[in-house]
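Q:
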Amino acid sequence: MVKTDMLPQKAEILDITQETTNLNIKTFKVKFKDDDFQQKFNYKPGQFMMVTVYGLGEAPFGFASSPTNKDYFEFSVKEVGSVTKELHNKKIGDTIGIRGPFGNGFPVETTDGKNIIFIGGGIGLAPLRSLINYVLDDKNRDNYKRVQLLNAFRSPEDTLYCNDYNRWESTKNTNVRYTIDEPCEGWSKCVGYPHTLIEDKLEWDLPNTRFFTCGPPIMIKFVTNRLKDLGIKPSEIITTLEMKMSCGVGKCGRCNIGHYYVCKDGPVFTMKQLGEMPDEY
Amino acid sequence: MMLKKINSSQFEKIFNKLKKEYNIAAPILHQKGKKELVEYSFIDDFKKIIWDKQPDTSPKNIIFPQNTFLGNDYNGNKEYDNNKKTIILGVRSCDLRAIKTLDQVFIEDEMYTDQNYKDMRDNTILVGLSCEKREETSFCDVLGIDAIESDNAPIYIFKEKDSFWIKVKEKEYEQLFIELPDGNKDEFEKLINKRRENFNESSFDLDIPVPLPEKEIFKSEIWKEMSEKCLSCGVCTYYCPTCYCFNFFWEGEGEESTKYKNWDSCMFSSYTVHASGHNPRDSKDKRYRNRIMHKFSYHPLNYEGLGCVGCGRCIDRCPVNLDIREALKLTEQFLVEKGGA
Numbered sequence: 033m034v035k036t037d038m039l040p041q042k043a044e045i046l047d048i049t050q051e052t053t054n055l056n057i058k059t060f061k062v063k064f065k066d067d068d069f070q071q072k073f074n075y076k077p078g079q080f081m082m083v084t085v086y087g088l089g090e091a092p093f094g095f096a097s098s099p100t101n102k103d104y105f106e107f108s109v110k111e112v113g114s115v116t117k118e119l120h121n122k123k124i125g126d127t128i129g130i131r132g133p134f135g136n137g138f139p140v141e142t143t144d145g146k147n148i149i150f151i152g153g154g155i156g157l158a159p160l161r162s163l164i165n166y167v168l169d170d171k172n173r174d175n176y177k178r179v180q181l182l183n184a185f186r187s188p189e190d191t192l193y194c195n196d197y198n199r200w201e202s203t204k205n206t207n208v209r210y211t212i213d214e215p216c217e218g219w220s221k222c223v224g225y226p227h228t229l230i231e232d233k234l235e236w237d238l239p240n241t242r243f244f245t246c247g248p249p250i251m252i253k254f255v256t257n258r259l260k261d262l263g264i265k266p267s268e269i270i271t272t273l274e275m276k277m278s279c280g281v282g283k284c285g286r287c288n289i290g291h292y293y294v295c296k297d298g299p300v301f302t303m304k305q306l307g308e309m310p311d312e313y
Numbered sequence: 007m008m009l010k011k012i013n014s015s016q017f018e019k020i021f022n023k024l025k026k027e028y029n030i031a032a033p034i035l036h037q038k039g040k041k042e043l044v045e046y047s048f049i050d051d052f053k054k055i056i057w058d059k060q061p062d063t064s065p066k067n068i069i070f071p072q073n074t075f076l077g078n079d080y081n082g083n084k085e086y087d088n089n090k091k092t093i094i095l096g097v098r099s100c101d102l103r104a105i106k107t108l109d110q111v112f113i114e115d116e117m118y119t120d121q122n123y124k125d126m127r128d129n130t131i132l133v134g135l136s137c138e139k140r141e142e143t144s145f146c147d148v149l150g151i152d153a154i155e156s157d158n159a160p161i162y163i164f165k166e167k168d169s170f171w172i173k174v175k176e177k178e179y180e181q182l183f184i185e186l187p188d189g190n191k192d193e194f195e196k197l198i199n200k201r202r203e204n205f206n207e208s209s210f211d212l213d214i215p216v217p218l219p220e221k222e223i224f225k226s227e228i229w230k231e232m233s234e235k236c237l238s239c240g241v242c243t244y245y246c247p248t249c250y251c252f253n254f255f256w257e258g259e260g261e262e263s264t265k266y267k268n269w270d271s272c273m274f275s276s277y278t279v280h281a282s283g284h285n286p287r288d289s290k291d292k293r294y295r296n297r298i299m300h301k302f303s304y305h306p307l308n309y310e311g312l313g314c315v316g317c318g319r320c321i322d323r324c325p326v327n328l329d330i331r332e333a334l335k336l337t338e339q340f341l342v343e344k345g346g347a
């Protein structure tokens, strides 16, 4: 059991990456100011942290980095509300507060020996990136069979994690595809919503495959329906949910869906689990 | 077990002795505008204690203050480290059971303990008080709570006219009362039996499965009907002894700012709204459903026992007379009709 006093640990911003050309997503590379704490800090892909802007407030963000890296961790922030706006104003060297890790994380252990397909839409690629980098890490790559990625963005201006693409594409037995919503001059990759590409365009191996999808709710819905039509079991389609949160430890009361607390019982759920939960998210 | 019987002046003497070593909180009268409310407060005058009326608020505000200072850094010093222990005097069965409910969430949870709440609780001695009659809006008996005595306090007071029986159930507290005159056990038994015989039952009866089946109840239309007149004022949650929703606030600027934990309410529309504007509980019926379901489905599923203690304060306080008993009755009816169909 973990004891918490709900207070954040101070962390330093090491680097800030401007992800999208329309300027609304930034990735922060941070480390705890206490070096011992940083070295001992561990988390699972799919878990999240509460980030404090001192004097203002706190908001939940999924880890966007792989825990295989011990020197720092990353999270991506889309500017939406007051905390994210202030985070976007932060500079390298500034201090923020971190609590966590929280939540269940992706079922990394039970995915051993399987094919993996990632379907990420927009900022939804952030939590998947933690698992992608974990799976494609040299130390772990042999635990999984074929790995395929479909990264979906609204337009070429909305692409995320461009610096990762070369590394992802050059990993053995790994296939990476990109798609945008509408045709666009200079774009030679896929065009169309992810669910329309699944059957014909992607040459996916469907049996013995586990699917991880994260993105706008409407994308998840269509992708899931398409996969179910193709005979994929809902228990093999895994996603992560977003909710308004304060405590991160299942107490403050706002992130529940029925008796499940997204912060504690989630944020990672299989489509089978979501089907069994009341429709309140 | 140790049994003592004392009069008011003897009690006052022991109170005055205890207050040197302990902070003592008890229900006292507060004049609030035109209203008189009995609330738990820290006191040093025994005569102020109100024994014969259900306090308007529960002692929740003593162990889980409406505004709790947390600090700045994770290993910062705690404000209450050097405080004396707190005795909460005169806590009735319903409120004792409510504190148990908070303990389940904040201390006994298998994943996370709230260190702040635990420190507060470790620093608290609960002294129970036996009820002499049931309030009109109380339905603790329907929820299986014995208003006369509870196991959730190590020390229990039974008031009988001008006398106080003090039952000390745990050895470690016997020393506090050792010098007082003993009470006669047979006489005490008689008092309890008589009290039990004459105790008024609540006029409410209920037959629902616990935990309530969540997916089924979500289909019920009663929530729209029930919540139509709700003002989303949150009074029910603030008076509720088991409601514990909270939010964090920062005071000061930048890195030196300090963090506070404040009560929040699931009845507020802003409570669940995402930064994007999306709100999973965007209407009153969903919020009202969440409050009732938390107490009768989610809490029993996640922990043990109900999240409602039948104290009746929400019924008493609601400005538009929403009655939780009515919601439960309609739920019972809904399940019967569904089962029969």
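Line by line, the protein sequences give chains C and U. Everything in the first sequence is counted per our numbering, starting at 33 for the first residue and increasing by one. Everything in the second sequence is counted per our numbering, starting at 7 for the first residue and increasing by one. Glycine included, each C-beta is placed from N, C-alpha and C at the ideal position.
For a contact meaning CB atoms closer than 8 Å, what does threonine 119 of chain U contact in chain C?
A: One-based indexing of the second sequence puts residue 119 of chain U at position 113. Met33, Val34, Lys35, Thr36, listed in chain order.
Q: Do the CB positions of isoleucine 151 of chain U and arginine 103 of chain U come within less than 8 Å of each other?
A: Looking up residue 151 of chain U in the second sequence gives position 145. Looking up residue 103 of chain U in the second sequence gives position 97. Yes, they are a contact pair.
Q: Of all the options C:Lys65, C:Lys42, C:Gly298, which has the alpha carbon lying nearest to the alpha carbon of tyrosine 86 of chain C?
A: Taking the first sequence and counting its residues from 1, the one referred to as residue 86 of chain C is at position 54. It is C:Lys42 whose Cα lies nearest to the Cα of tyrosine 86 of chain C.
Q: Would you decide whether glutamate 51 of chain C is buried or exposed? Buried here means 16 or more other CB atoms lie within 10 Å of its CB.
A: On the first sequence, residue 51 of chain C is found 19 positions in, with the first residue counted as 1. By the neighbour-count rule (16 or more Cβ atoms within 10 Å), glutamate 51 of chain C is buried.
Q: Beta-carbon separation of glutamate 111 of chain C and lysine 61 of chain C under 8 Å?
A: By one-based count along the first sequence, residue 111 of chain C stands at place 79. By one-based count along the first sequence, residue 61 of chain C stands at place 29. Not closer than 8 Å, so no.
Q: Alpha helix (DSSP H) containing serine 99 of chain U: first to last residue?
A: Here residue 99 of chain U corresponds to residue number 93 of the second sequence, with the count starting at 1. From DSSP, the alpha helix (DSSP H) with serine 99 of chain U extends over 99–112.
Q: Taking C-beta pairs closer than 7 Å, name the residues in chain C that asparagine 308 of chain U reaches, listed in chain order.
A: Mapped onto the second sequence, residue 308 of chain U falls at position 302. His291, listed in chain order.
Q: Do you know how far the Cα of phenylalanine 112 of chain U is from the Cα of cysteine 146 of chain U?
A: Locating residue 146 of chain U in the second sequence gives position 140, counting from the first residue. Locating residue 112 of chain U in the second sequence gives position 106, counting from the first residue. Approximately 23 Å between the Cα atoms of the pair.
Q: Does aspartate 213 of chain U have its Cβ less than 8 Å from a Cβ in chain C?
A: As a working note, residue 213 of chain U is residue 207 in the second sequence. Not closer than 8 Å to any Cβ of chain C, the Cβ of aspartate 213 of chain U fails to qualify, so no.
Q: Taking the continuous alpha helix (DSSP H) assigned at histidine 284 of chain U, which residues delimit it?
A: Position 278 of the second sequence, counted from the first residue, corresponds to residue 284 of chain U. Premise fails: histidine 284 of chain U is in no alpha helix (DSSP H) and is neither H nor E.
Q: Within 7 Å: the Cβ of asparagine 327 of chain U and any heavy atom of the ligand ADP?
A: This structure simply doesn't include the ligand ADP, nor any ligand for that matter.
Q: Mind listing the chain C neighbours of tryptophan 256 of chain U? Cutoff is C-beta to C-beta under 9 Å, in chain order.
A: Working through the second sequence from its first residue, we reach residue 256 of chain U at position 250. What tryptophan 256 of chain U touches in chain C: Thr84, Val85, Tyr86, Gly87, Leu88, Gly89, Glu90.
Q: Closer than 8 Å, Cβ to any Cβ of chain C: which residues of the stretch 275–303 of chain U, in chain order?
A: The residues in question are Tyr277, Thr278, Val279, His280, Ala281, Ser282, Pro286, Arg287, Lys292, Asn296, Met299, His300, Ser303.
Q: Hey, how far is the Cα of serine 220 of chain C from the Cα of methionine 273 of chain U?
A: Walking along the first sequence from the start, residue 220 of chain C turns up at place 188. Walking along the second sequence from the start, residue 273 of chain U turns up at place 267. Distance between the alpha carbons of serine 220 of chain C and methionine 273 of chain U is about 51 Å.
Q: By DSSP, does glycine 77 of chain U sit in helix, in strand, or in coil?
A: Sequence index remark: in the second sequence, residue 77 of chain U carries index 71 (1-based). DSSP places glycine 77 of chain U in strand when its eight states are reduced to three.
Q: So what does histidine 9 of chain C bridge to, in DSSP terms?
A: As shown, chain C starts at 33 and ends at 313. That puts residue 9 of chain C outside it, with no answer to give.
Q: When you compare only the Cα positions, how much space is there between tyrosine 162 of chain U and valine 174 of chain U?
A: Numbered from 1 along the second sequence, position 156 holds the residue referred to as residue 162 of chain U. Numbered from 1 along the second sequence, position 168 holds the residue referred to as residue 174 of chain U. Going from the Cα of tyrosine 162 of chain U to the Cα of valine 174 of chain U covers about 6 Å.
Q: Give me the subset of the stretch 109–137 of chain U whose CB atoms are less than 8 Å from a CB atom of chain C, sorted by chain position.
A: So the list reads Val111, Phe112, Asp115, Glu116, Met117, Tyr118, Thr119, Asp120, Gln121, Asn122, Lys124, given in the order they occur along the chain.
Q: Please check if any C-beta of chain U sits within less than 8 Å of the C-beta of tyrosine 313 of chain C.
A: Translated into the one-based positions of the first sequence, residue 313 of chain C becomes position 281. Output row for tyrosine 313 of chain C: interface = yes.
Q: Looking at the structure shown, is methionine 8 of chain U part of a helix, part of a strand, or coil, going by DSSP?
A: Position 2 of the second sequence, counted from the start, is the residue given in the question as residue 8 of chain U. Methionine 8 of chain U falls in the strand class under three-state DSSP.
Q: Comparing the C-beta of leucine 95 of chain U with each C-beta of chain C, is any distance below 8 Å?
A: Position 89 of the second sequence, counted from the first residue, corresponds to residue 95 of chain U. Taking Cβ atoms only, chain C never reaches closer than 8 Å to leucine 95 of chain U, which makes this a no.
Q: Taking a contact to mean a Cβ-Cβ separation below 8 Å, would you say alanine 32 of chain U touches glycine 77 of chain U in this structure?
A: On the second sequence, residue 32 of chain U is found 26 positions in, with the first residue counted as 1. On the second sequence, residue 77 of chain U is found 71 positions in, with the first residue counted as 1. No. Outside cutoff.
Q: In the DSSP output, which residue or residues are listed as bridge partners for threonine 119 of chain U?
A: Working through the second sequence from its first residue, we reach residue 119 of chain U at position 113. Answer is C:Lys35.
Q: Tell me the start and end of each unbroken alpha helix (DSSP H) in the stretch 195–277 of chain C that is at least 4 residues and wholly inside, in chain order.
A: With a minimum length of 4 residues, the continuous alpha helix (DSSP H) runs that stay inside the stretch 195–277 of chain C are 197–202, 226–229, 249–261.
Q: Going by DSSP, what residue range makes up the alpha helix (DSSP H) through proline 306 of chain U?
A: The residue given as residue 306 of chain U occupies position 300 in the second sequence. 305–308 is the extent of the alpha helix (DSSP H) around proline 306 of chain U.
Q: Check for me: the beta strand (DSSP E) holding methionine 81 of chain C runs from which residue to which?
A: One-based indexing of the first sequence puts residue 81 of chain C at position 49. Looking at the DSSP string, the run of the beta strand (DSSP E) that includes methionine 81 of chain C is 80–85.
Q: Check the C-beta distance from phenylalanine 205 of chain U over to alanine 153 of chain U and give it rounded, since I have them as a contact under 8 Å.
A: In the second sequence, the residue the question calls residue 205 of chain U occupies position 199. In the second sequence, the residue the question calls residue 153 of chain U occupies position 147. Contact holds; Cβ gap of about 7 Å.
Q: Determine, for phenylalanine 301 of chain C, whether the minimum Cβ-Cβ distance to residues of chain U falls below 8 Å.
A: The residue you call residue 301 of chain C lines up with position 269 of the first sequence. Taking Cβ atoms only, chain U never reaches closer than 8 Å to phenylalanine 301 of chain C, which makes this a no.
Q: Could you tell me whether any Cβ in chain C is nearer than 8 Å to the Cβ of lysine 267 of chain U?
A: By 1-based counting over the second sequence, the position of residue 267 of chain U is 261. Answer yes: the Cβ-Cβ gap between lysine 267 of chain U and chain C drops below 8 Å somewhere.
Q: Just reading off the beta strand (DSSP E) that tyrosine 28 of chain U is part of, what are its end residues?
A: On the second sequence, residue 28 of chain U is found 22 positions in, with the first residue counted as 1. 28–38 is the extent of the beta strand (DSSP E) around tyrosine 28 of chain U.
Q: Residues in the stretch 267–283 of chain C with C-beta within 8 Å of chain U's C-beta atoms, listed in sequence order?
A: Taking 8 Å as the Cβ-Cβ cut-off against chain U, the residues of the stretch 267–283 of chain C that qualify are Glu274, Met275, Lys276, Ser278, Cys279, Val281, Gly282, Lys283.
Q: At a CB-CB cut-off below 7 Å, which residues of chain C make contact with glycine 313 of chain U?
A: On the second sequence, residue 313 of chain U is found 307 positions in, with the first residue counted as 1. Under the 7 Å cutoff, chain C gives no residues; its nearest Cβ is about 11 Å from glycine 313 of chain U.
Q: Do we get a CB-CB distance below 8 Å when we pair asparagine 183 of chain C with the residues of chain U?
A: Taking the first residue of the first sequence as position 1, residue 183 of chain C is located at position 151. Not one chain U Cβ lies under 8 Å of asparagine 183 of chain C.
Q: Would you mind working out which of U:Asn199, U:Trp269, U:Thr337 sits nearest glutamate 155 of chain U, comparing C-alpha positions?
A: Residue mapping note: residue 155 of chain U aligns to position 149 of the second sequence, counting from 1. Glutamate 155 of chain U has its Cα closest to that of U:Asn199, out of U:Asn199, U:Trp269, U:Thr337.
Q: In angstroms, rounded to a whole number, what distance separates the CA positions of tyrosine 331 of chain C and proline 99 of chain C?
A: Examination of residue 331 of chain C is not possible in this model, given that chain C is present from 33 through 313 alone.
Q: Count the other CB atoms within 10 Å of the CB of aspartate 62 of chain U; is the residue buried (16 or more) or exposed (fewer)?
A: On the second sequence, residue 62 of chain U is found 56 positions in, with the first residue counted as 1. Aspartate 62 of chain U comes out buried.
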